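Student: To start, I am sharing the structure in question, which I have written as structure tokens.
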Amino acid sequence: MEFNKNLLKTPKKSKVRIIFGIAFIVFSCIWISLRLMDNLPIRFFDWLYSGVFSLNGVIHIMAGFGYSIEGVFGKAFIKIDSEFINVKLGSFEKESKISWQAITSIDYKPTLFRIHKIDNTTQVVEIEKLDYSGIQEVKDVISKIAEDKKLNYTIN
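Numbering (the working numbering) for the sequence shown: 1340 to 1495.
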């Protein structure tokens, strides 16, 4: 049995966001162009202002095409198979990977699993970012694999 879920939300494609993004980039170019046409010096503030507008435009365009901005910086997922429990809840969070061979027992408390290992340590795997149905799926998969591997588990 295997469970694999991507936790990053993919935005819906939107023509309006693409148009807003293009408008932001055009506005930032116009800002610098107006300064040049008036023979005014381009100050640090002008570059910063244009840069912020351009970055905002790029972000809107990416989201308009359906790309997750957070996905640029990393992944967020839950992957459970017969070898490992692998959880990374956010693109900036640490990944926890636990081998089933190192597990002696598993206790489920609301929104987290306490995994007791052979070396007498306990690792907590929090799943608070999942919705109700996602938590139920994870509980089902872990209980089935734990039962197959004849591990002690308490999952309600």
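Note that the Cβ used here is the ideal one computed from N, Cα and C, for glycine as well. Source: prediction; values computed, not measured.
Classify Y1447: buried if its beta carbon has 16 or more other beta carbons within 10 angstroms, exposed otherwise.
Tutor: For the purposes of this step, residue 1447 is identified with residue 108 of the sequence shown, where counting begins at 1. Buried, since its Cβ has 16 or more Cβ neighbours within 10 Å.
Student: Can you tell which of M1401, G1410, W1370 and F1404 has the C-alpha that lies nearest to the C-alpha of L1428?
Tutor: On the sequence shown, position 89 is the one that residue 1428 refers to. With distances taken between Cα atoms, L1428 lies closest to G1410.
Student: Does DSSP put K1433 in a helix, in a strand, or in coil?
Tutor: As a position in the sequence shown, residue 1433 is number 94, starting the count at 1. Coil at K1433, not helix or strand.
Student: Label V1464 either buried or exposed according to how many other C-beta atoms from any shown protein chain fall within 10 Å of its C-beta, with 16 as the threshold for buried.
Tutor: If you number the sequence shown from 1, residue 1464 lands on position 125. Buried, since its Cβ has 16 or more Cβ neighbours within 10 Å.
Student: At 3 residues or longer, what runs of the beta strand (DSSP E) sit wholly inside the stretch 1397-1453?
Tutor: Here the runs fully enclosed are 1416-1419, 1423-1427, 1435-1438 and 1442-1448.
Student: Between the C-alpha atoms of S1435 and I1424, what's the straight-line distance to the nearest angstrom?
Tutor: By one-based count along the sequence shown, residue 1435 stands at place 96. By one-based count along the sequence shown, residue 1424 stands at place 85. Their backbone Cα atoms lie some 8 Å apart in a straight line.
Student: Just verifying my parser: in three-state terms, what is the DSSP assignment at N1528?
Tutor: Past the boundaries of the shown model lies residue 1528; the chain is included only from 1340 to 1495, so the question cannot be answered.
Student: What does the alpha-carbon distance come out to for the pair V1387 and S1367?
Tutor: To locate residue 1387, count along the sequence shown from 1; it is residue 48. To locate residue 1367, count along the sequence shown from 1; it is residue 28. It is Leu, not Val, that sits at residue 1387 in the sequence shown. So the alpha carbons of these two residues sit roughly 10 Å apart.
Student: With DSSP as the reference, identify every bridge partner of K1456, one or two as the case may be.
Tutor: Counting from 1 along the sequence shown, the entry for residue 1456 is found at position 117. DSSP lists I1442 as partners of K1456.
Student: With three or more C-beta pairs closer than 8 Å as the rule, is the stretch 1360-1378 touching the stretch 1448-1464?
Tutor: With the cut-off at 8 Å, the stretch 1448-1464 and the stretch 1360-1378 do not touch.
Student: With DSSP as the reference, label E1486 as helix, strand or coil.
Tutor: Position 147 of the sequence shown, counting from 1, holds the residue named residue 1486. Note: E1486 maps to helix in three-state DSSP.
Student: So if DSSP puts Y1492 in a beta bridge, which residue, or which two residues, is it bridged to?
Tutor: Residue 1492 sits at position 153 when you count from the first residue of the sequence shown. I1445.
Student: Tell me, please, which residues DSSP counts as bridged to N1343.
Tutor: By one-based count along the sequence shown, residue 1343 stands at place 4. Answer is K1418, bridged to N1343.
Student: Are I1417 and V1477 closer than 8 Å when you measure CB to CB?
Tutor: Along the sequence shown, read from residue 1 onward, the residue named residue 1417 stands at position 78. Along the sequence shown, read from residue 1 onward, the residue named residue 1477 stands at position 138. Contact flag set, yes.
Student: Quick check on this structure: which residue in M1401, I1484, F1392 and A1415 has the alpha carbon closest to the alpha carbon of L1469?
Tutor: Locating residue 1469 in the sequence shown gives position 130, where the first residue counts as 1. Per the Cα distances, A1415.
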